[in-house]
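The sequence shown begins at -7 in my numbering and counts up one residue at a time.
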Amino acid sequence: MKCPLCKSREHVEIDLHSDGFAQDVRECGDCGAVWTFVGDAIRIIKGKVDKRQKVSTKFVCTTCRCMVSHETDLDAFQFHEEQYECTVCGTICSVAHNQVEVVKDSQKGSFLDSTGDLVEADDYNTIK
-7 MKCPLCKSRE HVEIDLHSDG FAQDVRECGD CGAVWTFVGD AIRIIKGKVD
43 KRQKVSTKFV CTTCRCMVSH ETDLDAFQFH EEQYECTVCG TICSVAHNQV
93 EVVKDSQKGS FLDSTGDLVE ADDYNTIK
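Structure representation (structure tokens):
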């Protein structure tokens, strides 16, 4: 198997197992990239993409409508979140439970900036 970033064949296979969790991870000996498989797709966990290299995802940037972005998967127990950083405009978005939230808007003063109020536990306290 070749490294998805530098195409080198020098890599180390790492088996991660813990309480019913099993994941095979590979680390490139040349560029240091770390990747795994999710279904049939390759997921890059760690790696630096060259400026010339485009990484296309299914995510469409909310600011510039471009599909070229860096994707980061965050997984912990039953929590799953994806973060996308647009390589064109720099906007960072978070996707969890099929809801998109703009984390960093590259356009200052845009309507996409977080404008909602934080919900606190006592907002729903109806017992008097």
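We put the beta carbon where it would ideally sit given N, CA and C, even for glycine. This structure is a prediction, so every number in the text was calculated from the model and none was measured.
For Asp7, which residues does DSSP report across the bridge?
Locating residue 7 in the sequence shown gives position 15, where the first residue counts as 1. Partner(s): Asp16.
Kindly list the residues whose CB is nearer than 8 Å to the CB of Ser0, restricted to its own chain and excluding five residues on each side of it in sequence; keep chain order.
Numbered from 1 along the sequence shown, position 8 holds the residue referred to as residue 0. The residues are Lys(-6), Cys20, Gly21, Asp22 and Cys23.
Return yes when the Cβ of Thr28 is within less than 8 Å of the Cβ of Gln99, no when it is not.
Walking along the sequence shown from the start, residue 99 turns up at place 107. Walking along the sequence shown from the start, residue 28 turns up at place 36. No, the Cβ-Cβ distance between Gln99 and Thr28 is not below 8 Å.
Is it buried or exposed, Asp97, if we count other Cβ atoms within 10 angstroms and call 16 or more buried?
Here residue 97 refers to the residue found at position 105 when the sequence shown is read from its first residue. Asp97 comes out buried.
Which class does His89 belong to by DSSP, given the choice of helix, strand or coil?
Start at 1 with the first residue of the sequence shown, and residue 89 comes out as number 97. Three-state DSSP puts His89 in coil, outside helix and strand.
Is it buried or exposed, His72, if we count other Cβ atoms within 10 angstroms and call 16 or more buried?
The residue given as residue 72 occupies position 80 in the sequence shown. Answer is exposed; the Cβ neighbour count stays below 16.
From the DSSP secondary-structure annotation, give me the bridge partner or partners of Phe71.
One-based indexing of the sequence shown puts residue 71 at position 79. BP columns for Phe71 point to Ala68.
Give me, in chain order, the residues of the same chain whose beta-carbon lies closer than 6 Å to that of Glu5; leave out the 5 immediate sequence neighbours on both sides.
Within the sequence shown, the letter at position 13 stands for residue 5. If we look at Glu5 and ignore the five residues flanking it on each side, its Cβ neighbours are Arg18.
By how many angstroms is the C-alpha of Glu74 removed from the C-alpha of Arg44?
The residue you call residue 44 lines up with position 52 of the sequence shown. The residue you call residue 74 lines up with position 82 of the sequence shown. Any answer about Arg44 is weak, because its pLDDT of 45 lies below 50 and its placement is not dependable; what the coordinates show is given next. For Arg44 and Glu74, the distance between alpha carbons rounds to 24 Å.
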